[in-house]
Amino acid sequence: MPFVNVYYQEHQLNNKELKKVSNRIHQSLIQHFHIPEDDYFQLFLAYPPQHFFYDSQYLLENGEKRTDNMIYISITCGQGRTVEQKKKLYHSIAEGLHTVLDLSKNNIFITLNETPLENWSFGQGLAQMVNQKEEK
Numbered sequence: 085m086p087f088v089n090v091y092y093q094e095h096q097l098n099n100k101e102l103k104k105v106s107n108r109i110h111q112s113l114i115q116h117f118h119i120p121e122d123d124y125f126q127l128f129l130a131y132p133p134q135h136f137f138y139d140s141q142y143l144l145e146n147g148e149k150r151t152d153n154m155i156y157i158s159i160t161c162g163q164g165r166t167v168e169q170k171k172k173l174y175h176s177i178a179e180g181l182h183t184v185l186d187l188s189k190n191n192i193f194i195t196l197n198e199t200p201l202e203n204w205s206f207g208q209g210l211a212q213m214v215n216q217k218e219e220k
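To convert a position in the sequence shown, counted from 1, into the numbering used here, add 84.
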């Protein structure tokens with residue numbers, strides 16, 4: 085059930101690169117959060133460079149720095165994953181994007197927002213996740 089938003093600067097990524105980012109995030113979610121393969125909902129949002137603000141070093145280790153190639157990834161998902169699963173997800177996404185785009189891991193900012201099952205509707209005006217849970 086994850087819903088993924090990816091924010092990046094205009095002209096930073098072409099369509100082929102967007103697909104690579106999408107696939108890497110989705111594969112990481114399948115591997116570490118054990119989501120179904122067809123649970124695939126993502127939105128990519130490009131912004132002008134003057135709309136991006138960040139500190140170049142905040143919480144980075146060893147004097148590392150961020151650059152203007154920042155990508156913000158916001159994942160909204162159901163509750164229940166362990167801290168270890170979350171750490172593995174962050175690592176997998178960062179490693180994957182570094183590999184497929186040669187993007188510095190310093191430039192990959194990820195947030196995870198957990199929300200209860202009753203706060204999801206996948207269409208038809210239904211709370212499908214609550215209905216499934218009640219049927220079991």
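Think of the CB as a built atom: it goes at the ideal place given N, C-alpha and C, for glycine as much as any other residue.
Beta-carbon spacing of residue i, residue j below 8 Å
i           : j           : result
residue 127 : residue 119 : no
residue 93  : residue 138 : no
residue 110 : residue 172 : no
residue 108 : residue 180 : yes
residue 170 : residue 196 : yes
residue 85  : residue 123 : yes
residue 184 : residue 104 : yes
Proximity to residue i [Cα-Cα], best of the options
i           : options            : result
residue 129 : 201, 164, 90       : 90
residue 202 : 103, 96, 162       : 162
residue 159 : 188, 106, 97       : 106
residue 97  : 134, 187, 136      : 187
residue 125 : 165, 205, 174, 176 : 205
Assigned secondary structure, residue i (DSSP; H/G/I helix, E/B strand, else coil)
i           : result
residue 89  : strand
residue 131 : strand
residue 195 : strand
residue 162 : strand
residue 155 : strand
residue 212 : helix
residue 117 : helix
residue 96  : coil
residue 111 : helix
Residues near residue i in its chain [Cβ-Cβ closer than 7 Å; skip 5 each side]
i           : result
residue 149 : 140, 141, 190
Self-check item: the stretch 142-156 in contact with the stretch 185-200 per 3-pair CB rule at 8 Å
Solution: Contact between the stretch 142-156 and the stretch 185-200 is present, because at least three Cβ pairs lie under 8 Å.
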